[in-house]
Amino acid sequence: MESRARESRRRGHCVRAVAAAATLLVAGVALWRSGQIRWPAHAHGAARGRRARPADWPSRSTFDATCARSAPIRTCPGYNVCLAEIFDFDEDEMLRARRDSRLGPPPLERARPWCTQWSCIDRTSCELPFKMYQYKPDDLRGMQLADCLQPTNLSRPGIVEHLTEDPSRACAFWFEVRERCRVLRHVSRLKHWRGNGLNHVFVVHTDEGISAVERVKYFGRAAIAQGHATAERFVRGLDIALGLRPKKFTTPDAQLAASPPWARRYLLTFKGAVTHRARVRAGMHHDARRRVLLVTYPNPHQCLASTSVDHPHAQRRSHAFSPLHADCCVKLRAHYTSYNYGSLMNTTFALITPGRQPASYRLAETMASGCIPVFFGFEDAMLPHAQLIDWRALSLSAPVDVDFEGKLLPRLEALVADRERILRMQRALRRALGYFLDRPDGTPAGDVAIVETLRKRFSFELRRN
Ligand SMILES: *[C@@H]1O[C@H](CO)[C@@H](O)[C@H](O)[C@H]1NC(C)=O
Ligand SMILES: *[C@@H]1O[C@H](CO)[C@@H](O)[C@H](O)[C@H]1NC(C)=O
């Protein structure tokens, strides 16, 4: 009797363990479907969790990078096998899943936004003209939070005229967050917090940013200006989406930047690591004959840098890549390294896809080279400085399941032929670039843009979002 009870308890544990594992798996699949690839593909069971491979699944890749120089890459032998092996990616299945996800009633949305321009901005206590107070190291003396303050010198044209040393006169309170700050939970101790952070703005120029959880826990009614502006973090009417400062091409080829959209070598280009599922799909539409160069490489979890070059069978934590997987890494790397990032800037259009976070270093880099952005798969992210930049006038946007060859490329080709229109787009692009690149005197352009957005907000001007 007793042993039967123990047996049934044991079974209960098993059932719960299996249920928990299944929940995790479902959550994992949902995350993968939502496009956020954050963990090593093989960590959730490259061999076990995947679709069963047919018995004749090859053990070596037949993909040859030189094929992709003259034929659409998706027609190259072995390419689709590599996509399936490394990313478990099947385009037809992905398109079907997208269609299916739209069946049935619409998803329930919260009826009211979390914060509105009335509830999270106090414009009644603000005297015009707009003035802003910047937190300084002196305000944080003796506080751990001092480690988090980036005391950027804002005494620059475009900003300095809006600064005040008198907090009682300020409409907004500016706090720039330093990278790798660990004590943001202390922000409520700030001198002018007034209980809930009203009219504060936290500026985060790093690509990680402040998460939705941190925000709800610590930041009260403060606004966040950050590049990592996904829908779940972003409060419309309050927050400000930033562009990330470019890492490369801070001084682009002047001749290229000045060349008109139709006098360029390529139609559409992209080069980058696969940090988001949209990039897997983009990469498979690489078609050199059509002047469409979309060059992707698996991220370091999917193909270890060392694995792919010197040690094709290297182990990572107890897991060894299959010979096919390692071989695919080597071949895809050959494809990736055969294109130069800078040469791909000589393009009419630049594909901008979400990366590890929606803000992309690439956006400003390509804009600086005079390429028209084509946002691809950005359903969940706010475009940078949307309060100031009319993105419709200078960019295109396509959903991740767009008919690439049948609809998107013909649209781009038609647009290149419409010279007047596309030149207008490029001119608007050059003006918008001013919000991304730091000025030669060191004035941080992104900060000027934030101040401009705040100023408009408090000066009774209608806002776009
Ligand atoms: C900030 O920059 C301005 C303009 O370049 C300069 O005049 C001023 O001395 C700087 N202030 C500090 C504290 O470095
Ligand atoms: C860009 O490509 C065009 C067309 O191939 C070429 O004439 C031009 O010299 C290139 N520009 C630069 C800066 O490389």
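Numbering (full-length UniProt numbering), first residue to last: 1 to 465.
Note that the Cβ used here is the ideal one computed from N, Cα and C, for glycine as well.
Remember, predicted model here, so these are calculated numbers, not experimental data.
Cβ-heavy atom distance between residue i and ligand 1 below 7 angstroms?
i	result
Ser155	yes
How many Å lie between residue i and residue j at the Cα?
i	j	result
Asn346	Ile224	35 angstroms
Ser459	Ala364	29 angstroms
Thr230	Ala241	9 angstroms
Arg236	Cys303	38 angstroms
Leu198	Ser119	9 angstroms
Pro151	Phe175	8 angstroms
Val81	Pro54	11 angstroms
Leu324	Lys407	34 angstroms
Asp418	Leu394	14 angstroms
Ser288	Trp391	Strictly speaking, residue 288 in this sequence is Ala, with Ser absent from that position. Taking the straight line from one Cα to the other gives about 28 angstroms.
Phe321	Ala386	43 angstroms
Pro440	Gly434	11 angstroms
Arg290	Leu396	19 angstroms
residue 466	Gly446	The chain is shown from 1 up to 465; residue 466 falls before or after that span and cannot be answered.
Trp32	Arg169	Only weak support is given to the placement of Trp32: the predicted model assigns it a pLDDT of 41, under 50, and the question is left unresolved by the model.
Arg178	Ser188	17 angstroms
Ala52	Val402	28 angstroms
Leu415	Arg264	14 angstroms
Ile86	Lys456	48 angstroms
Arg194	Arg221	11 angstroms
Leu140	Leu149	9 angstroms
Ile450	His276	28 angstroms
Asp90	Cys115	40 angstroms
Gln144	Asp138	13 angstroms
His186	Lys217	11 angstroms
Asp327	Arg60	6 angstroms
His286	Val330	18 angstroms
Ala432	Asp56	53 angstroms
Cys437	Cys67	The residue asked about is misnamed: residue 437 is Leu in this sequence, not Cys. Their Cα atoms are separated by approximately 38 angstroms.
Thr348	Pro384	21 angstroms
Ser338	Pro72	16 angstroms
Thr296	Asn153	38 angstroms
Ala212	Arg69	43 angstroms
Gly342	Cys171	43 angstroms
Thr164	Phe173	10 angstroms
Would you say residue i and residue j are within 8 angstroms of each other, going by their C-beta atoms?
i	j	result
Gly377	Pro399	yes
Gln226	Gly243	no
Phe130	Leu454	yes
Glu420	Leu267	no
Thr443	Pro261	no
Leu293	Leu344	yes
Asp253	Ser369	yes
Cys76	Asp64	yes
Ile159	Val448	yes
Met367	Arg74	no
Val204	Asp147	no
Arg233	Arg245	no
Gln117	Leu238	yes
Pro167	His200	no
Leu83	Val274	no
residue 468	Glu452	Lying before the first or after the last residue shown, residue 468 is absent from the chain, which here runs from 1 to 465.
Any heavy atom of ligand 2 nearer than 7 angstroms to the CB - residues listed: Asp253, Gln255, Leu256, Ser259, Ala263, Arg264, Arg265 and Asn346
Touching or not, the segment 420-429 and the segment 120-128, by the rule of three or more beta carbon pairs under 8 angstroms? no
Would you check if the segment 91-103 and the segment 131-151 touch, i.e. whether three or more CB-CB distances between them fall below 8 angstroms? no
Count the CB pairs spanning the segment 336-353 and the segment 267-280 that are closer than 8 angstroms, and state whether there are at least three. yes
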